[in-house]
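This report concerns only the one structure given below.
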Amino acid sequence: MTTSHPDQIGCYTVHGKTQFYSVKRTELDRAGVQMARTLRSFAFKPGAYVLTVSVVQEVVQFAPFEFALQLLGLYGTNADLSPFDAGRVESLARQFDPVAICGVGNEVLEGLKMMGHDAAAVFKGRTVWARPDAYDAVRAMPGVAARRVVLIGPALALECAKGGLHIDGREWEVVVDNEELVLSSRQHRIDPVSGLKTGFSGRLTDMPCACGSPDPHISLDGAI
Amino acid sequence: MASNAIIYPDVLDPIESASREYLDRHQEASLAVMCEYAVANAPLIRKVWADAGVKPGDIKSVADFREKAPFLTKDDIRAYRDAHNDPTGGMSVDSPGQTVSVGTTSGTTGDPTPVPNWRRTPAEETYARDHWHIGVRPGDHVCHMLFTFRGGHRRRSLSELGIAEICFSISPFEIPRIVDASKRFRPTSMSIFPNPLINAFEQYFEKTGEDPVDVFKSYKGAIFGGEPLGDRQKALTRSWGLELFETTSLGDVAGACECREHNGFHAYEDIAFIEAVDPITAEPVADGDIGELVVTSLVDRLSPLVRYRTGDLVSIDRSPCGCGRTHARFKLLGRATDQILVKGRSILPREIMGLVEKHDETRANLFQIIRADREMDELKLRIGYDVTRLKDSEDALKLRLYERISVAIEVPLVLELVDEQELLKLGPPHKIPRVTKT
Chain H
1 MTTSHPDQIG CYTVHGKTQF YSVKRTELDR AGVQMARTLR SFAFKPGAYV LTVSVVQEVV
61 QFAPFEFALQ LLGLYGTNAD LSPFDAGRVE SLARQFDPVA ICGVGNEVLE GLKMMGHDAA
121 AVFKGRTVWA RPDAYDAVRA MPGVAARRVV LIGPALALEC AKGGLHIDGR EWEVVVDNEE
181 LVLSSRQHRI DPVSGLKTGF SGRLTDMPCA CGSPDPHISL DGAI
Chain A
1 MASNAIIYPD VLDPIESASR EYLDRHQEAS LAVMCEYAVA NAPLIRKVWA DAGVKPGDIK
61 SVADFREKAP FLTKDDIRAY RDAHNDPTGG MSVDSPGQTV SVGTTSGTTG DPTPVPNWRR
121 TPAEETYARD HWHIGVRPGD HVCHMLFTFR GGHRRRSLSE LGIAEICFSI SPFEIPRIVD
181 ASKRFRPTSM SIFPNPLINA FEQYFEKTGE DPVDVFKSYK GAIFGGEPLG DRQKALTRSW
241 GLELFETTSL GDVAGACECR EHNGFHAYED IAFIEAVDPI TAEPVADGDI GELVVTSLVD
301 RLSPLVRYRT GDLVSIDRSP CGCGRTHARF KLLGRATDQI LVKGRSILPR EIMGLVEKHD
361 ETRANLFQII RADREMDELK LRIGYDVTRL KDSEDALKLR LYERISVAIE VPLVLELVDE
421 QELLKLGPPH KIPRVTKT
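Chains H and A supply the protein sequences, listed in that same order.
Using full-length UniProt numbering, you'd call the opening residue of the first sequence number 1 and step up by one each time.
Using full-length UniProt numbering, you'd call the opening residue of the second sequence number 1 and step up by one each time.
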């Protein structure tokens, strides 16, 4: 017997409007299995730490990422996406020496500055997946392997080691309508998505990615 | 025709109402197992026990444990971390396949302390029991407000029970969404519900005219945490039809929450062995007397804290509780390190809290005790106030506060008033350091 009761209710934001979004744990786990393919391109050694910067209501997007870390034998640790918790980003970077930090947004950069920390020094030598509002600043930091992470509706697009911004092709169908990326779910979900206008302009790339993942990768032009 | 409705048991786990005799025997067995495991697998525990000249085989009874097992402090963990470049502080995080993530403590008093997480942490287990006690059942929704540093997005202890978590940050900006979710999903519980969020809800209801009784009408309770619950907040939330269940940390080993009797925090004794000792001499303190809480995890193989001195001043009660559960309860007086002696009188932040919140401008209860030394000649307080609620002048407010606090505490008093926004910057958002050196 199936049940229509969700396990988690997170949210996504499109065109400035935030919507509740329900999921089952099985949906998050299967997305994590897919995401591991993108993560593998970095060849992080098992036992290494990866710091995720997010907020609790981003569970739909980041739970798969964290499950992928577990599958690859990596240790995940967390900080909140908030200027007030930027001190934790510095502290965990210093204590755990994570190989990567995922989800860095402008709040983190502002918070580190406010607390007197040099963000470039905190991130140096690591892979840093930055959100769109922080990506340019992180990319300009010497010695930082800047990558993009983008919340596209309920999906998480994650850039691989070879520069492809991947989205889970088994889970989501992405089409371009009037230059806007439009998302539909392909699998059984408790909260199906059909023709969701994501608020991002961009295009799908036809060429296979050098990282070896068959997941589609997208080229983003920006927010609409 | 027979009804298909499932009648769920009163307690999530039958151990919650086990007899005292069974609990005692269970603890004795578990202590021996955990001591053996911790010494074998956690480098810090191994070192502390070796330094004390004690072996796990020496522990054959609870009496042996109380007499021989060495204590452990947060400073020991930090010192090991720094000396060995080990962020886990000498715990057994490297147990293959066991650690699924590494959470951290709030870090109010220094670098956050790592807390390795298994698939279901002891705290998740205890809070699942507490939600169940409040009346949450499969098919229900719970508003889940937390920080990701407590364990990220891997938590599933409620969803395993068929209970949906609606996820929010602990932030005043989330209030409209929490109100929306409360009316749409009609949750039966929420956690963690801290002071700043109660204050933010109060302002929201004042501003919007929304009826709090309607918003919260489906709730059977809310778990309140972060700091002690003041009388004002208790009365305010009661007027909203919301019953609050206070919670606190069981010394980084698990959570401890009030029951419907509201007569102390339940420490689940299958999860942890608890004791109270004199904070200066470390001699045992009888149940009912005030002492420092010492906890030993009976289940956590990743953070096997053994005889961990929490710094919390408590009194323990092991008599059966009116709620039907048999596990020990404790009353929390405050942190031993927060205690200040002014002309010989002991003062803890909890005492000040009930006084500051009584004024409209300082109803958010934001204050700090300035404690240059443990013993002082005068009580120095920095109090934050809401500049938009100032009725008269700052000096007049200061005088009102001075009169109320000095009459109640009866020691020489020095007050400093600041904009409460300045204190809020000292976060994390759910609490500020209540005691500061400067």
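Ideal Cβ positions, reconstructed from N, Cα and C, are used throughout, including at glycine.
Fair warning: this is a prediction, and the values are worked out from it, not measured in the lab.
By the Cβ criterion, the region 328 to 338 of chain A is in contact with the region 254 to 266 of chain A, since at least three pairs of Cβ atoms, one from each stretch, lie closer than 8 Å. The three-state reading of DSSP puts N78/H in strand, counting E and B together.
Inclusion of L158/A and A181/A in the CB contact set at 8 Å is not warranted, their separation being larger than that value. When I316/A, G311/A, D231/A and N4/A are compared, the shortest CA-CA separation from D289/A is found for I316/A. Runs of the beta strand (DSSP E) lying entirely within the region 264 to 345 of chain A and spanning at least 3 residues, in chain order: 272 to 277, 290 to 297, 308 to 317, 329 to 335 and 340 to 342.
Cβ proximity to chain A below 9 Å picks out D7, Q8, I9, G10, C11, T18, F20, S22, K24, R25 and L28 from the region 7 to 38 of chain H. A direct Cα-to-Cα measurement between F84/H and R301/A gives close to 32 Å. Distance from the CA atom of V54/A to the CA atom of P70/A, rounded to whole angstroms, is 8 Å. For E243/A, no CB of chain H lies under 8 Å from its own CB, so it is not counted at the interface with that chain. Under DSSP, M190/A forms a beta bridge with C143/A and A222/A. Contact between the region 178 to 195 of chain A and the region 100 to 116 of chain H is absent: fewer than three C-beta pairs spanning the two stretches fall below 8 Å. Setting aside the 5 residues that flank it on each side, R374/A is surrounded in the same chain by Q339, I340 and L341, each with a C-beta closer than 8 Å to its C-beta; the list follows chain order. Looking at the DSSP output, M376/A shares a beta bridge with V342/A. Close CB contacts of E246/A within its chain, under the 6 Å cut and outside five residues either way in sequence, are with F224, L229 and E258 (chain order). I370/A carries a strand assignment under DSSP once its states are collapsed to helix, strand and coil. When 7 Å is used as the limit between beta carbons, S184/H is near no residue of chain A, the shortest such separation being about 24 Å. For H84/A, the closest Cβ of chain H is not nearer than 8 Å. Boundaries of the beta strand (DSSP E) around R203/H: L196 to T205. The alpha helix (DSSP H) runs of length 4 or more contained entirely in the region 13 to 55 of chain A are, from start to end of the chain, 20 to 41 and 43 to 52. Residue contact check for F147/A against chain H: a CB pair falls below 8 Å.
At least 8 Å separates the beta-carbon of R78/A from that of P87/A.
Per the DSSP secondary-structure output, F20/H pairs in a beta bridge with C11/H. Looking at the DSSP output, C259/A shares a beta bridge with no other residue.
By the rule that beta-carbons nearer than 8 Å mark a contact, G125/H does not touch chain A. Of the candidates G199/H, T26/H, C11/H and R94/H, G199/H places its Cα closest to the Cα of L220/H. Along the UniProt region "Disordered" (82 to 120) of chain A, the beta strand (DSSP E) occurs as fully enclosed runs of 3 or more residues at 101 to 104 and 114 to 117, listed in sequence order. No residue range can be given for A364/A, since it is assigned to no beta strand (DSSP E) and is classified by DSSP as neither H nor E.
For F168/A, no alpha helix (DSSP H) run applies; the uninterrupted beta strand (DSSP E) run containing it begins and ends at A164 to F168, by DSSP. It is roughly 8 Å from the alpha-carbon of D58/A to the alpha-carbon of F65/A. Interface residue (Cβ-Cβ distance to chain H less than 8 Å): I166/A is classified as such. Contacts with chain H at 8 Å (Cβ-Cβ) do not include T208/A. Residue pairing for F245/A: DSSP places it in a beta bridge opposite I223/A. R155/A counts as buried, since at least 16 other C-beta atoms from the protein chains shown sit within 10 angstroms of its C-beta.
Our two residues, P412/A and D377/A, have alpha carbons roughly 7 Å apart in a direct line. Taking 8 Å as the upper bound for CB-CB distance, K437/A and R371/A are in contact here, some 7 Å apart.
Between S346/A and chain H, the shortest Cβ-Cβ separation is not below 8 Å.
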